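Residue numbers (my numbering): 671 to 836.
Glycine is no exception: its CB is placed at the ideal position from the N, C-alpha and C atoms.
Predicted model only: the values in this text are computed from it and were never measured.
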C-alpha cells in the first residue's frame, strides 16, 4: 500500500523540533492590569523544516482537542482541558499530552499570575527560528511575532489556572 500526501502521519514528539516557551506580562486592554502570557512555538529545526513542525503541532493540537484559531478555552471552566500550568519558584511548567515544557519567568510575570490566578497560554504552529531558548528576545521582536495575525490565527489559545506544589 502506498501512502498519499492526504494521510496524516501519527504524532511523534521528535517532529516538533526544538519547542520553546517564552513568558512575559503586559497590560490587558479590558482591565488595564498585567496579564501573564506564555507562548509555545517550535524553532522549525527538523529535517522537514518549518512546515513539518507546523504539521506536527497541528496534529498534536487536534489530538489534544485544542482548536487552532480559537475560541479561547478557559481551564477554570473546563477542568477536562488536557493542558495545565504549574508555577513553582521562578519557573512555569506547561503540561499537555506528549510534552512538558518549562521556562523561567520574570518577577512581573509572577506578580501578574498571582493577581489573576491564571496565565494566557498560546501554542502556535508558526515556527520562530530567531527566538532560540536561553537567548534574550527583544521586546519589539516578541510583539511583532506574538501579535502577528498569522501567529494568532495558527495558534490554540487557553487561560490556564496557575497551580503550585504548595
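If you reduce the DSSP assignment to three classes, tell me which class residue i lands in.
{"i": "residue 811", "result": "helix"}
{"i": "residue 675", "result": "Residue confidence for residue 675 is low, a pLDDT of 42 falling below 50, so the modelled location carries little weight; the figure read from the coordinates is stated next. Looking at residue 675 - three-state DSSP - the assignment turns out to be coil, as it is neither helix nor strand."}
{"i": "residue 683", "result": "helix"}
{"i": "residue 713", "result": "coil"}
{"i": "residue 803", "result": "coil"}
{"i": "residue 835", "result": "coil"}
In the DSSP assignment, find the unbroken alpha helix (DSSP H) run with residue i in it and report its ends.
{"i": "residue 697", "result": "No alpha helix (DSSP H) contains residue 697, which is instead part of the beta strand (DSSP E) from 689-697."}
Please report how far the alpha carbon of residue i lies from the alpha carbon of residue j, in whole angstroms.
{"i": "residue 676", "j": "residue 685", "result": "Because residue 676 carries a pLDDT of 40, less than 50, the predicted location of this residue cannot be relied on, and no value is offered for it."}
{"i": "residue 717", "j": "residue 723", "result": "9 Å"}
{"i": "residue 818", "j": "residue 835", "result": "35 Å"}
{"i": "residue 785", "j": "residue 749", "result": "21 Å"}
{"i": "residue 826", "j": "residue 808", "result": "24 Å"}
{"i": "residue 681", "j": "residue 726", "result": "6 Å"}
{"i": "residue 804", "j": "residue 720", "result": "20 Å"}
{"i": "residue 822", "j": "residue 794", "result": "7 Å"}
{"i": "residue 776", "j": "residue 752", "result": "26 Å"}
{"i": "residue 829", "j": "residue 771", "result": "16 Å"}
{"i": "residue 701", "j": "residue 778", "result": "17 Å"}
{"i": "residue 816", "j": "residue 709", "result": "8 Å"}
{"i": "residue 769", "j": "residue 762", "result": "14 Å"}
{"i": "residue 832", "j": "residue 714", "result": "29 Å"}
{"i": "residue 745", "j": "residue 728", "result": "20 Å"}
{"i": "residue 735", "j": "residue 806", "result": "32 Å"}
DSSP has residue i in a bridge; who is on the other side?
{"i": "residue 822", "result": "Answer is none; residue 822 lacks a bridge partner."}
{"i": "residue 708", "result": "693, 791"}
{"i": "residue 727", "result": "Partner(s): none; residue 727 has no beta bridge."}
Which two residues bound the contiguous beta strand (DSSP E) that contains residue i?
{"i": "residue 795", "result": "No beta strand (DSSP E) holds residue 795; DSSP gives it neither H nor E."}
Runs of beta strand (DSSP E) wholly within the segment 733-762 (minimum 3 residues, chain order): The segment 733-762 contains, as complete beta strand (DSSP E) runs of 3+ residues, the segments 754-758 (chain order).
Length at least 3, wholly inside the segment 759-786: the beta strand (DSSP E) runs in chain order: Whole beta strand (DSSP E) segments, 3+ residues: 761-766, 769-774.
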